[in-house]
DNA sequence: CGCTTGCTTGGAGTGCACTCCAACTCTCTA
DNA sequence: TAGAGAGTTGGAGTGCACTCCAAGCAAGCG
């Protein structure tokens with residue numbers, strides 16, 4: 003369920019090389035385009051948009067992973083485009099296995115303001131190293147999988163020849 | 003703790019491109035070289051060797067993730083080189099996020115014998131797709147991280163100039 | 001012989017990241 | 001104004017993958 007977004011991401015197949023800088027954006031292009039001119043979304047709209055459940059969105063807020071979310075006079079949440087941008091970063095980081103605790107830490111730093119730039123840089127740099135490690139790891143497993151699958155495929159082809 | 007092995011893997015930095023086939027081996031070169039001529043290891047030796055805890059090794063056996071492990075006359079486990087090979091595959095698959103349940107399924111198929119080749123092929127192929135998806139995902143997050151880190155680094159350099 | 005070290009077991013406990021529940025309020029449409 | 005449907009809360013429950021515990025056995029050493 004949480005993985006919905008990743009499938010869209012993967013459509014570009016194995017594109018492992020870094021894309022040119024011009025193509026990089028902060029808020030990743032999302033599956034459900036944002037209705038223009040709106041800036042107040044209900045929790046279920048955001049759930050639909052991000053692929054996260056309403057439960058999870060409330061939980062994220064409870065644990066301090068969201069900046070302050072607006073409320074109507076009766077206490078219902080109204081998310082803004084800024085919130086969607088933030089969630090898009092958060093889901094990205096989540097998909098790459100950053101622990102929720104680390105993301106909460108990052109969110110706290112963002113709340114504090116510019117004085118935390120260098121610590122934020124450190125945090126993200128550490129995570130980037132982690133992601134690079136994981137890519138290398140996955141790549142090496144891919145080689146093993148190729149090898150094993152080849153063996154099974156060869157066996158199948160051999161048995162099909164008769 | 004379980005990640006010990008991955009760090010060795012990552013030493014080759016970002017090497018995301020597929021390596022030549024000649025370099026691919028089934029049993030990955032391990033951190034602790036196997037003492038030659040031995041073929042009976044205690045659980046703690048195997049723990050040391052694989053980076054898994056003795057607890058985890060016992061648990062793997064309990065849930066059916068290990069082929070039958072030899073015992074001494076007093077009931078202590080003695081692992082063989084074959085077991086180490088198997089564990090090296092298992093840890094690889096684990097590090098790439100294959101669920102334990104799927105690995106148990108695979109282990110069952112291996113136990114049954116050659117008649118399950120095609121299903122094993124299917125299982126591994128599905129996982130390979132998964133791994134490819136994940137690599138693409140990680141890569142796209144890497145781009146976002148680069149972008150964000152650049153911003154923080156620029157801010158830092160700007161403030162350092164005075 | 002006593003002590004330490006290492007192994008055995010089933011079952012209970014842990015940490016993470018949700019996920020759901022009960023009981024309630026609010027909004028909207030007929 | 002009634003009723004459906006969507007929202008609210010704190011707290012409990014779930015699933016995964018370990019991780020630990022208690023109680024006990026076995027081998028080696030001084």
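Chains as they are written, first to last, in this note's numbering: chain G, 3 to 164; chain W, 3 to 164. Ideal Cβ placement from N, Cα and C applies to all residues, glycine included. Note that the structure is a prediction, hence the values are computed from the model and not measured.
- In the displayed model, residue 72 of chain G falls within a strand according to three-state DSSP.
- Shown here, residue 60 of chain G sits in a helix according to DSSP, grouped into three states.
- In the DSSP assignment, residue 105 of chain G falls within the unbroken alpha helix (DSSP H) covering 102-114.
- Counting only the Cα atoms, residue 158 of chain G lies some 50 Å from residue 152 of chain W.
- In summary, the residues of the segment 103-133 of chain W whose CB is separated from some CB of chain G by less than 8 Å are 116, 119, 120, 122, 123, 126, 127, 129, 130 and 133, in the order they occur in the chain.
- Listed along the chain, the chain G residues whose CB falls inside 8 Å of the CB of residue 158 of chain W are 119, 120 and 123.
- If you draw a straight line from the Cα of residue 66 of chain W to the Cα of residue 94 of chain W, it comes to about 17 Å.
- Less than 8 Å separates the beta-carbon of residue 111 of chain W from that of residue 118 of chain W.
- In the structure shown, residue 135 of chain W adopts helical secondary structure according to DSSP, grouped into three states.
- A straight line joining the alpha-carbon of residue 74 of chain W with that of residue 106 of chain W spans about 25 Å.
- Counting other Cβ atoms within 10 Å of its Cβ, residue 76 of chain G stays below 16 and is therefore classed as exposed.
- In this structure residue 98 of chain W touches residue 143 of chain G by the C-beta definition: roughly 5 Å separates them, less than 8 Å.
- The shortest CA-to-CA distance from residue 156 of chain G to any of W/78, W/137, W/122 and W/51 is the one to W/122.
- For residue 90 of chain W, the closest alpha carbon among the candidates W/48, W/164 and W/140 is that of W/48.
- Among the residues of chain G, those whose CB is under 8 Å from the CB of residue 154 of chain W are 119, 120, 122, 123 and 126, following chain order.
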